[in-house]
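A short write-up of the structure that comes next.
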């Protein structure tokens, strides 16, 4: 049995304009996928439809739809208590596209009582953005250096995967759902006799950092620009 543990995903501070202006299917900053965000905005227009709660979230840069999918009426009621209209809230969420619209899938919210917290948040947003852009520039520079090395046959530092592993990687990568594809659905894409080989490929890709576990040991997502 694999000893690989799920990776803890960092929480990235953002403003709404960054979410709305991102052209990639999954939210990214400077080419790096962001799975959990933190934003500070004012919640308004809270609406309940069966087990779904929707609202608007607005900060100084724009407005976006927020949503919470619940499993029961009691969960709806408990979540509604945490949503405060007309005041700033700190919101932890993932980003999803629904009906061609970007939606903030709310995980937790906390009231913001001190506006200094808003100022600190904006400074953190800028810091993360500049750091990510600097890392991207460094990676591009390293990529150019590596390309030159490859031309001379010095490719030993490049992560190597087989064609079969690349096929498995692309299947995981093609799933854009919030928590990723399950191992079972990956295995369904292959004949049953290749099950062991598929699982070996998945473990290798996890060890290489090409894919990662999300909510449990069974759900997988790909690092978009890894290969």
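Numbering (UniProt numbering), first residue to last: 1 to 227.
Idealized CB from N, CA, C, for every residue including glycine.
Should the segment 58–70 be regarded as contacting the segment 91–107, the criterion being three or more beta carbon pairs within less than 8 Å?
-> At 8 Å Cβ cutoff, the stretches touch.
Close Cβ partners of residue 52 (< 8 Å) along its chain, the five nearest in sequence each way excluded = These residues qualify, in order along the chain: 67, 68, 69 and 70.
Start and end residues, alpha helix (DSSP H) containing residue 58 = Segment 52–59 is the beta strand (DSSP E) holding residue 58; no alpha helix (DSSP H) there.
What residue ranges within the segment 9–46 form continuous beta strand (DSSP E) runs of no fewer than 3 residues, ordered along the chain?
-> Unbroken beta strand (DSSP E) runs of no fewer than 3 residues, entirely contained in the segment 9–46, are found at 11–13, following chain order.
Keeping to the same chain, check which residues put their C-beta closer than 8 Å to that of residue 46; ignore five residues upstream and five downstream.
-> Excluding the 5 residues flanking it on each side, residue 46 has same chain C-beta neighbours closer than 8 Å at 53, 54, 55, 80, 83 and 85, in chain order.
CB residue 89 to CB residue 43, shorter than 7 Å?
-> Yes.
For residue 96, the three-state DSSP class (helix, strand or coil) | Three-state DSSP puts residue 96 in a strand.
Residue 101, enclosing beta strand (DSSP E) - first and last residue = Residue 101 -> beta strand (DSSP E) spans 101–111.
In terms of residue numbering, what span does the alpha helix (DSSP H) encompassing residue 195 cover?
-> Here the alpha helix (DSSP H) through residue 195 covers 195–208.
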